[in-house]
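> First to last, the protein sequences are chains D and B.
Numbering (our numbering) for the first sequence: 12 to 277.
Numbering (our numbering) for the second sequence: 53 to 363.
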Amino acid sequence: MKRRLELWLAISVFVLLLAACGGGGEQPTETTESKPTESGAPAGPVTTVDPATAATLTGKVSFDGEKPKPRQIRMDAEASCASLHKEPVYAEEVVLNDDKTLQHVFVYVKEGLGDKTFATPSETVVLDQKGCVYTPHMIGVQVGQTVKILNSDPTTHNIHPVPANNREWNTSMSPGGSPLERTFPREEVMIPVKCNVHPWMKSYIGVLKHPFFAVTGKGGTFEIKGLPPGEYTIEAWHEKLGATTQKVTLAAKDSKAIDFTLKAAS
Amino acid sequence: MQPRVELPTQNRALHGFAVFMVGCTFLLIIAGALVTGNEAGLAVPDWPLSYGSLMPPMIGGIFYEHGHRMVASFVGLMTIVLAIWVWKRDDRPFVRRLGWIALAVVVTQGILGGITVLFFLPAPISVLHACLAQAFLCIVGSLALLTSHNWRHGPRHAANDLKGVSMRRLSVCATACVYGQLILGAALRHAKAGLFWHVLGAFVVALLVTWTVARVYKYYAHLSSLFRPAIVLGILMAAQLSLGVGSYLVRLASREDVQPGVAMVAVTTAHVATGAAVLVACLLLTLQCRRWLAPAETQLQLTSVPQGATS
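1. Starting from Met184/D and walking both ways along the beta strand (DSSP E), at which residues does that stretch end?
2. Within its chain, find whatever has a CB closer than 6 Å to the CB of Thr43/D; leave out the 5 residues flanking it on each side and keep chain order.
3. In chain order, what residues of the same chain lie with their CB nearer than 6 Å to the CB of His120/B, ignoring the 5 residues before and after it?
4. Using a C-beta cutoff of 7 Å, does Ala185/B count as contacting chain D?
5. Can you find a CB in chain D that lies within less than 7 Å of the CB of Phe146/B?
6. Show which residues of chain B have a CB atom less than 7 Å away from the CB atom of Val8/D.
7. Contact between the segment 159-171 of chain D and the segment 108-126 of chain D: three or more CB pairs below 8 Å?
8. What does Ala95/B touch in chain D if you count any residue whose Cβ is under 7 Å from its own?
9. Does the beta carbon of Arg178/D come closer than 7 Å to any beta carbon on chain B?
10. Can you tell me whether Leu191/D is helix, strand or coil according to DSSP?
11. Round the Cβ separation of Thr326/B and Ala291/B to the nearest angstrom and send it over; I've been treating them as touching at under 8 Å.
12. Let's test the definition: count the other Cβ atoms within 10 Å of the Cβ of Met316/B and tell me whether it reaches 16, buried, or not, exposed.
13. For Lys111/D, which of helix, strand or coil comes out of DSSP?
14. Quick one: which chain D residues come within Cβ less than 9 Å of Gly165/B?
15. So if I threshold CB-CB distances at 7 Å, which residues from the segment 297-325 of chain B count as touching chain D?
16. Examine chain B for any beta-carbon lying closer than 7 Å to the beta-carbon of Met12/D, and answer yes or no.
17. According to the neighbour-count rule (16 or more other Cβ atoms, all chains shown, within 10 Å of its Cβ), is Arg144/B buried or exposed?
18. How far does the beta strand (DSSP E) with Phe248/B in it extend, from its first residue to its last?
19. From which residue to which residue does the alpha helix (DSSP H) around Thr227/D run?
20. Would you tell me roughly how many angstroms separate the C-alpha atoms of Pro176/B and Thr264/B, rounded to the nearest one?
21. Could you work out which residues of chain D lie near Glu91/B, taking near to mean beta carbons separated by less than 8 Å?
22. Say whether the segment 129-136 of chain D touches the segment 199-215 of chain D, bearing in mind that this needs 3 or more beta-carbon pairs closer than 8 Å, one atom from each stretch.
23. Beta carbon of Tyr181/B, beta carbon of Gly193/B: below 7 Å?
24. Would you verify that the beta carbon of Ile177/B is, or is not, closer than 7 Å to some beta carbon of chain D?
25. When DSSP builds the beta bridges, which residues end up paired with Met153/D?
26. Show which residues of chain D have a CB atom less than 7 Å away from the CB atom of Phe172/B.
27. Can the beta-carbon of Ala254/B be found less than 7 Å from the beta-carbon of Gly206/B?
28. Tell me which residue opens and which closes the alpha helix (DSSP H) that Val300/B is part of.
29. Return the CA-CA distance between Thr184/D and Cys206/D, expressed in angstroms with no decimal places.
30. Do the CB positions of His209/D and Gly89/B come within less than 7 Å of each other?
31. Going by beta-carbon coordinates alone, are Val106/D and Val154/D separated by less than 7 Å?
32. If you follow the beta strand (DSSP E) that Pro196/D is part of, which residue opens it and which one closes it?
33. Classify Lys220/D: buried if its beta carbon has 16 or more other beta carbons within 10 angstroms, exposed otherwise.
34. Scan the segment 72-121 of chain D and note each continuous alpha helix (DSSP H) run of 4 residues or more that stays entirely inside, going in chain order.
35. With distance defined between alpha-carbon atoms, name the residue in Pro56/D, Ile84/D and Leu113/D nearest to Thr229/D.
36. Skipping 5 residues on each side, what residues in its chain have a beta carbon closer than 8 Å to that of Lys164/D?
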């Protein structure tokens, strides 16, 4: 009797194991969940800024300190990635221009807009996986705005945002696969994005309720247009150098320039 | 020298298979450590299949994650064989139960691995997954010892335990502390927490293990069943302490790296693997102490009482 019981136990475990191994496990979709299910649509009445009174904020972000040595990415672990580059590829963590201004700094209105809500743009923002790096390295989107993710590489990637305030997801993208469209329903500065297949691949997405943000480029400059007059706290955020803020008051039709300086980490 | 009793071929084969399982499990722990070291835990987003198939492209982090799954699947299947084999061939109820416990643990371990993937590496589950792996190694290690010739058919006791601090108890205490230290190590590795406690644990474990090994060396050098694992344990412990310091230094040096470096992965993986080896060596020594040493309260009249064994 006892032996029979043990035999049935063994058979049950084996069948369970088989079911687990051979079970459904659908192939991760590459194009699904494109609709903003957790709707990023504005909750209240949408604010429209009168172009006649709109102000503009410009400026640049500089680096203070000894220029950090660029760190080379080792792509030799995967031939298909290494073959895409003739020159060495460096991490885009601290990218300095010749005049010591910084690229990849997210500058945005942190405070001052109160409860104003803004329409979600219909344009999609593209984040490409090209040459086994994310292009661009940093993007900003509004809550509910679609991010279109491409895989232009001849290899498989997985795209994996690691948010603190939004839902985490991790999706594989095979070479030549369809683009993936996703939205983020909650404000968050910043969401790190990584590829676990290629651990050097890192990117950042800033998600805001409003359209007043910019990412510094080759000149280390930024421009935020169409701001309603008011008193604002502006933050410049960098993935390695941290963040710094400044207060600025903008009158109607103002065009002001503010500069930020980020210091090398001690 | 303890007497060696010849057993039927089928029992020797079972013991050999259990030893083989210990080796496979050790490789599985190394494969798991390589996944963590290479930050490849989520390189395969789906589970139980990998990219919807049994064999995804083995590139980058997928190589480590799917490689770990392949070794784990093999160990899982072999554990079914081991459990059935033990159930069929071994007449000791607790050994037969241990075979089924091994199977239950490996199935649980597989499910925990799946949860870590589907829920993006929640730290408590990752720590549990790491600790259960060590527990599984202990179970198959115990099965290998329990099915060995000398364990089954040697004399009841070969020597008396020490009075005062009993070897039977000291070795249990050392094994428990080693396992506790592995839990602290897993917490440090997966939850990035508790460096101080892990370092403190290293001192405690080093002290207990050294004491245990020294006492075996002093009092039971003539008992190969105790002496051999004790010497192996001592060597492994020294290596593990060096690897611990090495892991800390290499982590410190690579904390700003763009990607996991070869040196960092190699040293930290060796630290995890040697930790597992220390645990299983300590456990086997504990079992051997309980097998061969007569409890102090029931001292036996043995023909050859070890020198100082009653001190």
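We put the beta carbon where it would ideally sit given N, CA and C, even for glycine.
In short:
1. Your numbering for residue 184/D matches position 173 in the first sequence. Per DSSP, Met184/D belongs to the beta strand (DSSP E) from Thr182 to Met184.
2. One-based indexing of the first sequence puts residue 43/D at position 32. No answer about Thr43/D holds up, because its pLDDT of 33 lies below 50 and its placement is not dependable.
3. Against the second sequence, residue 120/B aligns to sequence position 68. The answer, listed in chain order, is Ala83, Gly84 and Val87.
4. What you label residue 185/B is simply residue 133 of the second sequence in a count that begins at 1. It does not: the Cβ of Ala185/B has no partner Cβ on chain D nearer than 7 Å.
5. If you number the second sequence from 1, residue 146/B lands on position 94. It does not: the Cβ of Phe146/B has no partner Cβ on chain D nearer than 7 Å.
6. This structure gives no information on residue 8/D, because the portion of chain D shown stretches from 12 to 277.
7. no
8. In the second sequence, the residue the question calls residue 95/B occupies position 43. Simply Asn169, Asn207 and Val208.
9. Indexing the first sequence from 1 puts residue 178/D at position 167. No, Arg178/D does not count as interfacial toward chain B.
10. As a first step, residue 191/D is located in the first sequence; it is residue number 180 there, counting from the start. In this structure, Leu191/D counts as strand in the three-state DSSP scheme.
11. Translated into the one-based positions of the second sequence, residue 326/B becomes position 274. Translated into the one-based positions of the second sequence, residue 291/B becomes position 239. Correct: roughly 5 Å between the Cβ atoms.
12. As a first step, residue 316/B must be located in the second sequence, where it is residue number 264. It is buried - the Cβ of Met316/B has at least 16 other Cβ atoms within 10 Å.
13. Taking the first sequence and counting its residues from 1, the one referred to as residue 111/D is at position 100. Note: Lys111/D maps to coil in three-state DSSP.
14. In the second sequence, residue 165/B corresponds to position 113, counting from 1. Those do not exist, as Gly165/B stays about 11 Å from chain D at its closest Cβ, beyond 9 Å.
15. Val310, Gln311 and Pro312
16. Within the first sequence, residue 12/D is the residue found at index 1, counting from 1. Low confidence applies here, because Met12/D scores a pLDDT of 45, under 50, leaving its location unreliable and the question unanswered by this model.
17. The residue labelled residue 144/B in the question sits at position 92 within the second sequence. Label assigned to Arg144/B: exposed.
18. Position 196 of the second sequence, counted from the start, is the residue given in the question as residue 248/B. Not the beta strand (DSSP E): Phe248/B falls in the alpha helix (DSSP H), residues Leu247 to Tyr271.
19. Indexing the first sequence from 1 puts residue 227/D at position 216. Run containing Thr227/D: none; DSSP gives neither H nor E here.
20. As a first step, residue 176/B must be located in the second sequence, where it is residue number 124. As a first step, residue 264/B must be located in the second sequence, where it is residue number 212. Near 32 Å, if we compare the C-alpha coordinates of Thr264/B and Pro176/B.
21. Within the second sequence, the letter at position 39 stands for residue 91/B. Here the neighbours are Asn207 and Pro210.
22. no
23. Translated into the one-based positions of the second sequence, residue 181/B becomes position 129. Translated into the one-based positions of the second sequence, residue 193/B becomes position 141. The amino acid occupying residue 181/B in the given sequence is His; Tyr does not appear at that position. Result no, Cβ atoms of His181/B and Gly193/B do not sit closer than 7 Å.
24. The residue labelled residue 177/B in the question sits at position 125 within the second sequence. Taking Cβ atoms only, chain D never reaches closer than 7 Å to Ile177/B, which makes this a no.
25. In the first sequence, residue 153/D corresponds to position 142, counting from 1. Per the sequence shown, the amino acid found at residue 153/D is Gln instead of Met. Answer by DSSP bridge pairing, in chain order: Leu219/D.
26. Along the second sequence, read from residue 1 onward, the residue named residue 172/B stands at position 120. Chain D residues near Phe172/B: Glu179 and Asn181.
27. For the purposes of this step, residue 254/B is taken as residue 202 along the second sequence, with counting starting at 1. For the purposes of this step, residue 206/B is taken as residue 154 along the second sequence, with counting starting at 1. No, the Cβ-Cβ distance between Ala254/B and Gly206/B is not below 7 Å.
28. As a working mapping, residue 300/B is identified with position 248 in the second sequence. Contrary to the premise, residue 300/B reads as Tyr rather than Val in this sequence. Start and end: Ser276 to Ala305.
29. Position 173 of the first sequence, counting from 1, holds the residue named residue 184/D. Position 195 of the first sequence, counting from 1, holds the residue named residue 206/D. Here residue 184/D is Met; the residue named in the question, Thr, does not match the sequence. Taking the straight line from one Cα to the other gives about 10 Å.
30. One-based indexing of the first sequence puts residue 209/D at position 198. One-based indexing of the second sequence puts residue 89/B at position 37. No, the pair does not count as a contact, with Cβ atoms beyond the cut-off.
31. Translated into the one-based positions of the first sequence, residue 106/D becomes position 95. Translated into the one-based positions of the first sequence, residue 154/D becomes position 143. Result no, Cβ atoms of Val106/D and Val154/D do not sit closer than 7 Å.
32. As a position in the first sequence, residue 196/D is number 185, starting the count at 1. Segment: none, Pro196/D is in no beta strand (DSSP E) and carries neither H nor E.
33. Counting from 1 along the first sequence, the entry for residue 220/D is found at position 209. Buried: at least 16 other Cβ atoms inside 10 Å.
34. 90-93
35. By 1-based counting over the first sequence, the position of residue 229/D is 218. Strictly speaking, residue 229/D in this sequence is Lys, with Thr absent from that position. Looking at the Cα atoms, Leu113/D is the closest of the given residues.
36. Within the first sequence, the letter at position 153 stands for residue 164/D. It should be noted that the sequence gives Asp, not Lys, for residue 164/D. So the qualifying residues of the chain are Ser91, Cys92, Leu95, Gln140, Lys141, Gly142, Cys143 and Pro186.
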